[in-house]
Each structure stands twice: as C-alpha cells, then as structure tokens.
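Visitor: Got a structure for you, questions after.
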Amino acid sequence: MLVFFFLVWIFICLLFLFIRTQRPKNFPPGPRPVPIFGNLFELNLSNPLKDFERLAEHYGNVYSLYIGGRPAVVLTGLTAVKEALVTKAADFSGRPKNLLISHLTEEKGLVFLEYGSAWREHRRFALMTLRNFGLGKQSMEDRILGETEHLIGRLEKSAGGFINPQTLFHDAASNIIYLVLFGIRHDYGDETLKLFVRGFIESTKIANGPWGMIYDTLPIVRNLPLPFKKTFEHFERVKKIYTNMVSKQMSTRVPGEPRNFVDCYLDELDKRGNDGSSFSEGQLVRSIIDLHSAGTDTTSNTLLTAFLYLITHPDIQERCQQEIDEVMEGKAHASFEDRHKMPYTQAVIHETQRIARTVPLSVPHCTTKDTELMGYSIPQGTLIIPNLYSVLSEEGQWRFPHEFNLANFLNEQGQFERPEAFLPFSAGPRMCLGEGLARMELFLILVTLLRRFQFFWPEDAEEPDFTPVYGITLTPKPYRMGVRLRQSAREM
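In the working numbering, the protein residues as written are 8 to 499.
Here is the structure:
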C-alpha cells in the first residue's frame, strides 16, 4: 500500500510538472519539454550556439525553450532582435531573476539592476561620470595611450621572440578601467590582476557552461558542492577586495574634488544623504565589479581575435600598417579622430568585432509586462535570449557572413560603411554603456602597436584554430605570437 501511494504521489508530481511546462496560448513554438529538465537535452551544454541555429531553422526566428520549468524565448536575426530591444524596448528590458548570473550579482550593479527608476538613475550617473572623466575626450585618450606605452615596453622585451598574448591584453584593458575607477594601475603580472583574470575566466566558463545551465535548470542542486560554487567564492573575494579599495578611497578623498569614478559616486552619496535612494556603498561595489569585468573581458578578447587574424593574414596587416604610416607621418602618437582617415583599419577593427562575436547571447533580458512580438504573445517575466551571434552572421545582412572579410565594411570605393546588423554591443537602452570606451581602446591600441611592431605566426606552430572557447564571452584559443620591431620604429 505504501508503495502504491508513493507511485501515485510521483505520478501527481510529474503530471503537475507536465501541465506547468505546457506553452501558453499563442506562445512561440519550440521543442516539447520534459518535466523537471525542460529542453536541457536539446542543447550541447558546452556550446549551444549550433543548437540555437538548428532550432531557429526548424521553428523560426522567434522560438521557445524551457530551462527546467521556466519558459524562455530565443530571438534570432536582426528583425526579431531589433523589434524587441529597440522598438519595444520598455517591454523587453527587464533582467531575469533566479538564475546563476542574477544570484552572483545579487541583482545589483549596472548590468543586472532591475529595469526601473533605480536602473535609470545609475545608468545616467555612470554615463555622465564616464563622459566627465574623458570618454571621447582627450583625457581618456591620454589614459589609453599611457597604458599602451606599458604594452610597448612589454612587447619590446619580447622583440625578436614570441609571446603568449592572452594575459597581456587582459592586463592592459583591466588597467585602463582601474585608472577610470580608482586612478591606479597594476604592474603586468601583479598578483591582484592574476586573481581577477583567472577568477573571471573560470567563472564565465562555469556560468555559461554545463554547470551554469544545470544550476538554472535544477534548483534542487544549488546547495550541493558542485563547480558553480567556485563562481560564488570568486565573487566574494572580488567584492571583499573592492570594498577595501573603496574604504581606502574614502580616507584620502576631498569631498567635491573627485579624482575618479569612485570619488564621484561617494560625492553623490554625500549629496543624497539618507533620502532613501538606491545609491549605496554596496551598490557602488557591485557597479565597480560590473564595469571592471565587462570592460576587461570584452576588449581583451576582441584584441586577441584581432591579432590572431592579423598574424595569419600578413597581407591585411601590411596594408593596415601602410595606411597607419601615411596618416601618422610626423605625428608622435595616434588620436581617436584619426580613425576617420583610416577606413581600412576601421574595417579591420569592425570585422574583428563581428567575427569575434564576443558576447554571443548578449546578457539575458526578460519581459516587464505581457506583450507581443512578431505576432506571438509573450507573458510578463519571460526569459528573453537575444542571439547576437545570429545577427552578426546573418545571411542577407553581410556580404560574407561566415568568413573574415573586410568587404563586410568596405564599399567598392574602399570607403568604410557600417551595416545596420553590426550589434556587438547589443541594442536599445540596455546596450553596453562602455561602447565608447571600448571603441577608443581598440583603435588606439591596435594603431599604436601596428605602427611600432610586426606580428607573425610562429613557423613551428600548428595550423591556427579559429574556433573560440564558449562562455559568457567567446575567447580565442591560446596561441603564440611572434614580435619584431618594424624598421620605421627603429628610426623613431
């Protein structure tokens, strides 16, 4: 009898879960989910991008999946992504709760803050502060060019030999953000930088890999000692470090005379007092984590991708250097304004961003109310996955969608043109607020290094593998890079 009641109980639970995973009326189509697991078995958890492509071919550019018992809608191609994130931005700009990434961030900071007045306040403050500290102005150029001098010094030590560029570009991008946030930088190889780089790379692989998917799908496993626990440990270490750094800033600052982003935020806290606003020291620390991690990983991975293609396409590198030499003749250093005179170099940078697809699935969104998209009904709170990877390689949007080809950004007259489907920073109100800084970094670093050095693929190395490592960001596989001083640099 006991066994009978146990089996009845299991049957009722499974029936409940089956009913719970039934698609709402007029919901986007998709594969049939199974109780508890949803569509987990439909995806290659180590890299689901091919599976997303396959499902879009079968169900259309707006289709649904179940992550456990939670419905999600995947947007494929420019039309669907643009309608959701731009045309109906207010309906699709929420952030989902109860996922690994939202638990890690505690739904604070700039990226995972809930869409509403607090988010608008903090985004407006961050954009204004970055602008005031030189985003798009000479002072930001000076910071980037100053850090590039340290890059040059490190590369000069390796001239005539080989270097593993993986941590080099991470360190440089990290220091530029540090200068904006705290007004300090770390020496390359510094233990603090190593901690951030190692921890962030490991955490992103877990968060967007099989263990992250299992965490999101099966809440029952969240308290078990599984690999996703490492991501929480890393975030706690980082939070502690930044809390201490903010405390040091507080002890040396002069109110009303801000030196950096942290000082500006602390001044804002002083102005607001106890007005019940969303500004707080805890929110500051989370904002710092968002700015540092987002600003480091995306830029460094784009630079890694750029140099991977430049050393395996020496003709492109040479032509780029010719254009740089012509524009830079007689100048001590590059300026961001020089980009308007360098269409070929601009095309190289933009094609690198397109082919790198550094943040392939954007950051997850969710609907803020019941809404519609391309004829389908989407309930409030539905997880939305904008597949930017599909937009950046969409047939019909690009002349050569599946290969590295500068014709994607150069017209027949050799002039630079940016197609509408170029959305590496996403779109709409939630698009990356560091886009301006990233664009400036990529241009100034690439131009400065190509003006001074020649980079090449080692003769004794295996054939290059352009397949990236999947995570929250796509990362090129580790490679070695040859470095030599150019003749023109020897004469400088």
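Glycine is no exception: its CB is placed at the ideal position from the N, C-alpha and C atoms.
To the nearest angstrom, how far is it from the Cα of L315 to the Cα of C327?
Guide: Walking along the sequence shown from the start, residue 315 turns up at place 308. Walking along the sequence shown from the start, residue 327 turns up at place 320. So the two alpha carbons sit approximately 15 Å from each other.
Visitor: Does DSSP classify S307 as helix, strand or coil?
Guide: Looking up residue 307 in the sequence shown gives position 300. Here S307 sits in helix by DSSP.
Visitor: Could you tell me if H65 is buried or exposed, where buried requires 16 or more neighbouring beta carbons within 10 angstroms of its beta carbon?
Guide: For this step, residue 65 is matched to residue 58 along the sequence shown. Exposed.
Visitor: Would you call the segment 344 to 354 and the segment 412 to 419 in contact, with 3 or more CB pairs under 8 Å?
Guide: With the cut-off at 8 Å, the segment 344 to 354 and the segment 412 to 419 touch.
Visitor: Just how far apart, CA to CA, sit R127 and V187?
Guide: If you number the sequence shown from 1, residue 127 lands on position 120. If you number the sequence shown from 1, residue 187 lands on position 180. Their backbone Cα atoms lie some 21 Å apart in a straight line.
Visitor: I'd like to know whether the C-beta atoms of E113 and K104 end up nearer to each other than 8 Å.
Guide: Translated into positions along the sequence shown, residue 113 becomes position 106. Translated into positions along the sequence shown, residue 104 becomes position 97. In this structure, K104 does not lie closer than 8 Å to E113 by Cβ.
Visitor: Between the Cα of L291 and those of T306, D304, D270 and G302, spot the shortest distance and give me the residue it belongs to.
Guide: The residue labelled residue 291 in the question sits at position 284 within the sequence shown. Per the Cα distances, D270.
Visitor: Return helix, strand or coil for L456, following the three-state DSSP convention.
Guide: The residue labelled residue 456 in the question sits at position 449 within the sequence shown. The answer is helix: DSSP assigns L456 an H, G or I state.
Visitor: By alpha-carbon positions, which one of G403, L453, L202 and F235 ends up nearest to F429?
Guide: Taking the sequence shown and counting its residues from 1, one reaches residue 429 at position 422. Of the candidates G403, L453, L202 and F235, the one whose C-alpha sits nearest the C-alpha of F429 is G403.
Visitor: Do you know offhand how far D277's Cα is from L310's?
Guide: Position 270 of the sequence shown, counted from the first residue, corresponds to residue 277. Position 303 of the sequence shown, counted from the first residue, corresponds to residue 310. If you take the alpha carbons of D277 and L310, they lie about 39 Å apart.
Visitor: Give every residue of the same chain whose Cβ lies closer than 8 Å to the Cβ of R458, excluding the five residues on either side of it in the sequence, and list them in chain order.
Guide: Taking the sequence shown and counting its residues from 1, one reaches residue 458 at position 451. Correct list, in chain order: Q328, I331, D332, M335, A341, R493, S495 and A496.
Visitor: Can the beta-carbon of R161 be found closer than 8 Å to that of L152?
Guide: Mapped onto the sequence shown, residue 161 falls at position 154. Mapped onto the sequence shown, residue 152 falls at position 145. No, the pair does not count as a contact, with Cβ atoms beyond the cut-off.
Visitor: Going by beta carbon distance, what residues of the same chain come within less than 6 Å of M220, once the five residues before and after it are set aside?
Guide: As a working note, residue 220 is residue 213 in the sequence shown. Same-chain partners within the cutoff: L52.
Visitor: Do three or more CB pairs link the segment 32 to 39 to the segment 359 to 373 at distances below 8 Å?
Guide: Contact fails: fewer than three Cβ-Cβ distances are below 8 Å.
Visitor: In whole angstroms, what is the alpha-carbon distance linking I74 and P232?
Guide: On the sequence shown, position 67 is the one that residue 74 refers to. On the sequence shown, position 225 is the one that residue 232 refers to. Spanning the two alpha carbons is a distance of roughly 21 Å.
Visitor: Among residues of its own chain, excluding the 5 on either side of L47, which ones have a beta-carbon nearer than 6 Å to its beta-carbon?
Guide: Residue mapping note: residue 47 aligns to position 40 of the sequence shown, counting from 1. Contacts found: T224.
Visitor: Between G435 and A96, which are expected to be in contact by the criterion C-beta below 8 Å, what is the C-beta distance as a whole number of angstroms?
Guide: Numbered from its first residue, the sequence shown carries residue 435 at position 428. Numbered from its first residue, the sequence shown carries residue 96 at position 89. Correct: roughly 4 Å between the Cβ atoms.
Visitor: Going straight from the alpha carbon of S210 to that of Y396, what length do you get?
Guide: Within the sequence shown, numbered from 1, the residue matching residue 210 stands at position 203. Within the sequence shown, numbered from 1, the residue matching residue 396 stands at position 389. About 21 Å.
Visitor: If distances are taken between C-alpha atoms only, which option among I323, L56 and H299 comes closest to C439?
Guide: Against the sequence shown, residue 439 aligns to sequence position 432. Of the candidates I323, L56 and H299, the one whose C-alpha sits nearest the C-alpha of C439 is H299.
Visitor: Check this for me: beta carbons of A214 and I108, under 8 Å apart or not?
Guide: Here the question's residue 214 lines up with position 207 in the sequence shown. Here the question's residue 108 lines up with position 101 in the sequence shown. Cβ distance < 8 Å, so A214 and I108 count as in contact.
Visitor: In terms of residue numbering, what span does the alpha helix (DSSP H) encompassing S124 cover?
Guide: Within the sequence shown, numbered from 1, the residue matching residue 124 stands at position 117. Looking at the DSSP string, the run of the alpha helix (DSSP H) that includes S124 is S124 to N139.
Visitor: Pull up the distance between the alpha-carbon of V80 and that of A91, whole angstroms please.
Guide: Your numbering for residue 80 matches position 73 in the sequence shown. Your numbering for residue 91 matches position 84 in the sequence shown. Each residue's alpha carbon lies about 11 Å from the other.
Visitor: Span of the alpha helix (DSSP H) holding M438?
Guide: Walking along the sequence shown from the start, residue 438 turns up at place 431. No alpha helix (DSSP H) holds M438; DSSP gives it neither H nor E.
Visitor: Considering Cα atoms alone, identify which of I191, G441, F460 and F462 is closest to T136.
Guide: The residue labelled residue 136 in the question sits at position 129 within the sequence shown. Answer by Cα proximity: G441.
Visitor: Assess, as a yes-or-no matter, whether the segment 195 to 208 is touched by the segment 239 to 255 under the definition of 3 or more beta carbon pairs within less than 8 Å.
Guide: Touching, yes.
Visitor: Using the three-state DSSP reduction, which class does R491 fall into: helix, strand or coil?
Guide: In the sequence shown, counting from the first residue as 1, residue 491 sits at position 484. Residue state, collapsed to three classes: strand.
Visitor: Could you say which of F462, E198, N308 and D197 lies nearest to P431 if we only look at CA atoms?
Guide: Start at 1 with the first residue of the sequence shown, and residue 431 comes out as number 424. P431 has its Cα closest to that of N308, out of F462, E198, N308 and D197.
Visitor: Just list the alpha helix (DSSP H) runs in the segment 274 to 356, keeping only unbroken ones of 4 residues or longer that don't cross its boundaries, in chain order.
Guide: The segment 274 to 356 contains these whole alpha helix (DSSP H) runs: 288 to 319 and 321 to 335.
Visitor: Is the separation between the beta-carbon of P367 and that of L56 shorter than 8 Å?
Guide: Position 360 of the sequence shown holds residue 367. Position 49 of the sequence shown holds residue 56. Result yes, Cβ atoms of P367 and L56 sit closer than 8 Å.
Visitor: State the CB to CB distance for the pair I296 and Y222, rounded to an integer number of angstroms; the pair is presumed to be in contact (CB under 8 Å).
Guide: Residue mapping note: residue 296 aligns to position 289 of the sequence shown, counting from 1. Residue mapping note: residue 222 aligns to position 215 of the sequence shown, counting from 1. With 8 Å as the limit, I296 and Y222 do not qualify as a contact, their Cβ atoms being about 19 Å apart.
Visitor: Count the other C-beta atoms from every protein chain shown that fall within 10 angstroms of the C-beta of Q324, then say buried if there are 16 or more, exposed otherwise.
Guide: Counting from one through the sequence shown, the residue named residue 324 turns up at place 317. Classification for Q324: buried.
Visitor: Which residues bound the alpha helix (DSSP H) around P217?
Guide: In the sequence shown, residue 217 corresponds to position 210, counting from 1. Element bounds for P217: P217 to T224.
Visitor: Measuring CA to CA, which of W464, L399 and T455 is closest to R364?
Guide: Numbered from 1 along the sequence shown, position 357 holds the residue referred to as residue 364. When only C-alpha atoms are compared, the closest one is L399.
Visitor: Go ahead and label I191 buried or exposed: buried means 16 or more other beta carbons lie within 10 angstroms of its beta carbon, across all protein chains shown.
Guide: Position 184 of the sequence shown, counted from the first residue, corresponds to residue 191. Exposed: under 16 other Cβ atoms inside 10 Å.
Visitor: Do you know offhand how far F235's Cα is from I318's?
Guide: Start at 1 with the first residue of the sequence shown, and residue 235 comes out as number 228. Start at 1 with the first residue of the sequence shown, and residue 318 comes out as number 311. Between F235 and I318, the C-alpha separation is close to 36 Å.
Visitor: Would A339 pass as a contact of L453 if the rule is Cβ separation under 8 Å?
Guide: Start at 1 with the first residue of the sequence shown, and residue 339 comes out as number 332. Start at 1 with the first residue of the sequence shown, and residue 453 comes out as number 446. The answer is no: Cβ separation not under 8 Å.
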